[in-house]
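Chains as they are written, first to last, in the working numbering: chain A, 142 to 429; chain B, 1156 to 1385; chain C, 228 to 570.
Beta carbons are placed, not taken as given, at the ideal position from N, Cα and C, and that holds for glycine.
So the structure is just underneath, and the comments pick up after that.
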Amino acid sequence: MAGWADTVIQGVLLGGLYALFAMGLSLIFGVMRLVNIAHGDLIVLAAYLALVVVDATGLGPISALAVCVPLMFLFGYALQRGLLNFTLGGDILPPLLVTFGLSIIIQNGLLELFSADPRALRLGGLETQSFRLGAGIVVGQFPLLVLGVAIALTVGIELLFAYTPLGRAFRATSDDPEAVRLMGVNDRHLYALAMGIALTIVSVAAVFYGVRTTFGPSDGPDRLLFAFESVIIGGLGSFWGTLAGGIVLGIAQAVGFRLDPGWGVLTGHLAFLAVLLFKPSGLFPRTR
Amino acid sequence: MLSTHHLTAFYGDFQALFGIDLEISAGEVMAIIGANGAGKSTLLKAVTGLVPARREAVRFEGQPIGGRGAYEILALGIAMVPEGRRLFPSLSVEENLMLGGYCKRPGAWNLQRVYQLFPMLREKRLAPSTSLSGGQQQMASIARALMSNPKLLICDEMSLGLAPIVIKDIYDALPSIAAEGITLIIVEQDVGLAMRVSNRLYCLQEGRVSLSGKSQELTREQVSQAYFGI
Amino acid sequence: MSVTVERSTRASRIGAVAGTASLVVLGSLPWWGDSSWMRAIVEFACLLALAQMWNLLAGYGGVVSIGQQAFLGLGGYALFVLADHAHINPFVCVPLAGLIAAAAAFPTAWIVFRLRGGYFAVGTWAVAEVYRLLIANASFLGGGSGKSLAAVRGFSKAVRESTTYWLALAVAVAAVLVVYLLLRSRHGLALTSIRDSERAAASQGIDIGATKLWVYIASAAGCGLAGALYFLNTVRISPDAAFNVGWTANIIFIVVIGGIGTIEGPIVGTLLFFLLRGALADYGATYLIVLGAVAVAVMVKFPRGLWGFVQERFDLRFFPVQRRIRLEAAEATESPGAANLRP
């Protein structure tokens, strides 16, 4: 029995990381109806950026965020304003194809720059520390930190959207991008801000990802799929839903992994398909 | 205050406006009338920056503003109450109003004053904007536009889909807005109403100005000829 | 005034003659050409067929899938299962594989069509991943390392190569012709009207859901066919090769740069792809970066691709899908010419 409880707990903790992967994707889709196919590759890119910063400054990965977060924000702002803004505006093909092209460019660019060797970020200790709860259940401190950050970020984004002028502008833009311009909102700037914020979340997720597992240039697509599945399972329109979706996915994968190590990822996919079949709007959609 | 010079506008290859010249002075109430498809909404979109225009084709307070972005034009002091109200469904009534003030232009209009003008909105402030009736939505849309403290307020087809008594309530609020020194442009389908509330009238027909003049001096006959292009 | 409806253009008539001539030349290749040429042309044929299928789905049907590799892989594995386990002639298995892929498309569509737009696209990818993982976990299919096609060992190299080659030419021609004929028919008209405006199309009585479904099925069948053909050519299959999203990446490059929403576009794109690949072969991953960058640039600046640009500039159509109305004035003295009105 303790075995299954432990599996579920590990799944919840894994889900925290998946929620972090998914939050940026959810934000971008919520504001601009853009599905960024390069999202997973941007996570990997951010992990390599953290690696470069760590190697260059000797900072720990988490302290390196002080450099990575602003850099990724600027990159996201520039990417949106310089390229992606031109793909928005009705037709679904251009944003999909451009972000798909970006995905290819990033993957192969990273391959050229860093080779295919797996890399990792080292925390120097925290990743092996754990709490012992009763009944033989062990909870790693680092995964708990990740989950905590995921929850805190979810709260932060919900507050941003609910109570700030920027958040109101974000919500209004997803309703009616033309009318929002009549309110004096510079939509090109707004979209770029949204992408900037999304990439700051991505950079946080990337550091946690790089500490938790080794990573390589071609790991982007799987991250995208996990992020995407978390969003769909949780339900569109709600950041709490995305958090819940990540956790459900984490649990599904943990259960599958326990049944057979080759089945971990597949069980996650099947859970996603099951939600799509039986509750297509997701488990916790925000009705508007 | 606002003038257009040979304003043309296109949707792709389709030309909607063929050289509109109009002028409104501060403090006036101008009405623009015309049949569906005459180009009224396109004219408003060109003025408010939703549709591209030549730089010199639109002048506001002496400055050319044609082709500028809609958010810049709002910052200059031109606000629009759009056709169909277009409140944001994801936002509550008050949030819609607050978004109207996103731009933070200085002036007397704030939530307090707007609730004074339309007390019903205060009661419904936390409700989702979709729960309001058509007339209430129209009031909310006007209030939202006022929140940006405009110098020029444009109202596009406010009477659409509303009952006469509701229309009366809405138009009754206009004098207090005009009294604050806000210049008004009213686009209306209801010709009689347009003539009653305005000092000056322009009639559009197939993308051109077919008639202009002081509302008091125009006859129904002149107007209906210009409206229908007979 | 007389009115005639024209289907063909001068370019199309010339193109038909030129195309038939080149096909005859190509068809004779096994007697005078190299093995490596034949293998390259088979690969070309596969990519061309895949590109036409993706273009049909996305460029005409407005359905953007990045998971068509699912059907490519299923077609490939269907070939191996039918040939090695059911002992059917492997060349006959190729069209059968197409049918199996089409059958798999029904439950797939049932699931993925619950999503829309960008989420639909990623959903198709997720489903392709599911197929990949299911097959990778099936040891009788060779598991993660794949398997070889035993059934072809009964044929001599020459017979295998030339039969595969002719099959490939047939598949390539079929893919182009089927798409062309489909688009000339009233179904094609329905498809382009949906692409242009769904609501208007629905108001004309077109069943949007059914039309999109059938296009999805047809596209899947084509991909399955191409997949079976490809792996018949390589004689070896593995889940990573069969269900690699790189297939979609290449196909998207081909269609977008060649010209989405045209039939000539994928042909031009495939040619360009092979040229670029040859030219950049020594540069490793940089080649893919260039491909990606070109695709992005084209999408932003020339959304209609190379052929779309040519078509607009020069009004050149080798595969005329539209109908032209010709008006001829009755009095030759007053207005001698004919007016061409293009719908």
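Contact check, residue 281(A) vs residue 270(A), beta carbons under 9 Å: yes
What are the start and end residues of the alpha helix (DSSP H) that includes residue 364(A)? 361-375
Residue 336(A) beta carbon less than 9 Å from that of residue 184(A): no
Residue 1360(B) (DSSP reduced to helix, strand or coil): strand
Are there 16 or more other CB atoms within 10 angstroms of the CB of residue 279(A), so buried, or fewer, so exposed? exposed
Within-9 Å CB hit, residue 327(A) to chain C: no
Rounded to the nearest angstrom, how far is the Cβ of residue 305(C) from that of residue 323(C), given a contact under 8 Å? 7 Å
Given residue 195(A) as reference, the closest of 295(A), 209(A), 219(A) once Cα atoms are compared: 209(A)
Roughly how many whole angstroms lie between the Cα atoms of residue 544(C) and residue 493(C)? 14 Å
Assess, as a yes-or-no matter, whether the stretch 1333-1347 of chain B is touched by the stretch 1312-1320 of chain B under the definition of 3 or more beta carbon pairs within less than 8 Å. yes
Please report the distance separating the alpha-carbon of residue 307(A) from that of residue 301(A). 7 Å
Figure out for me which residue from 479(C), 527(C), 518(C), 539(C) has the closest Cα to the Cα of residue 278(C). 479(C)
Any idea if residue 151(A) is buried or exposed, counting beta-carbon neighbours within 10 angstroms, 16 or more meaning buried? buried
Identify the continuous alpha helix (DSSP H) that holds residue 299(A) and give its terminal residues. 282-304
Cβ-based burial, residue 452(C) [other Cβ within 10 Å; buried from 16]: buried
If we call anything under 9 Å between Cβ atoms a contact, is residue 1308(B) one with residue 1189(B)? no
Mind checking residue 341(A): buried by the 16 CB within 10 Å criterion, or exposed? buried
DSSP three-state assignment for residue 1338(B), whether helix, strand or coil: strand
For residue 251(A), which three-state DSSP category applies? helix
Residue 317(A) CB to nearest chain C CB: under 9 Å? no
Can a CB atom of chain A be found closer than 9 Å to the CB of residue 1203(B)? yes
Residue 1158(B) lies in the beta strand (DSSP E); which residues open and close that run? 1157-1166
Boundaries of the alpha helix (DSSP H) in which residue 1375(B) is found, first to last residue: 1375-1383
For residue 1312(B), name the three-state secondary structure that DSSP assigns. coil
Reference residue 372(A); option with closest CA among 297(A), 399(A), 166(A): 166(A)
Assuming residue 375(A) and residue 425(A) are in contact, meaning their beta carbons sit under 8 Å apart, how far apart are those beta carbons, in whole angstroms? 6 Å
Rounded to a whole number of angstroms, what is the C-alpha to C-alpha distance between residue 1272(B) and residue 1302(B)? 12 Å
How should residue 1320(B) be labelled, buried or exposed, when 16 other C-beta atoms within 10 angstroms of its C-beta is the threshold for buried? exposed
Take the Cβ of residue 1200(B) as the centre, count every other Cβ of all protein chains shown within 10 Å, and call the residue buried at 16 or more, exposed below. buried
So, residue 1404(B) versus residue 309(A), is the Cβ gap smaller than 9 Å? Because chain B in this structure spans residues 1156 to 1385, residue 1404(B) falls outside the shown range and cannot be described.
If contacts are defined as beta-carbon pairs under 8 Å, then residue 487(C) and residue 531(C) qualify, I think. What distance do you get, rounded to the angstrom? 7 Å
Residue 298(A) to residue 211(A) span [Cα, whole Å]: 17 Å
In whole angstroms, what separates the C-alpha of residue 1222(B) from that of residue 225(A)? 22 Å
In the stretch 212-235 of chain A, which residues sit with their C-beta less than 9 Å from some C-beta in chain C, listed in chain order? 224, 227, 228, 232, 233, 234, 235
Can you pull the chain A neighbours of residue 341(C), defined as C-beta to C-beta under 7 Å? 417, 421
Using a C-beta cutoff of 9 Å, does residue 356(C) count as contacting chain A? yes
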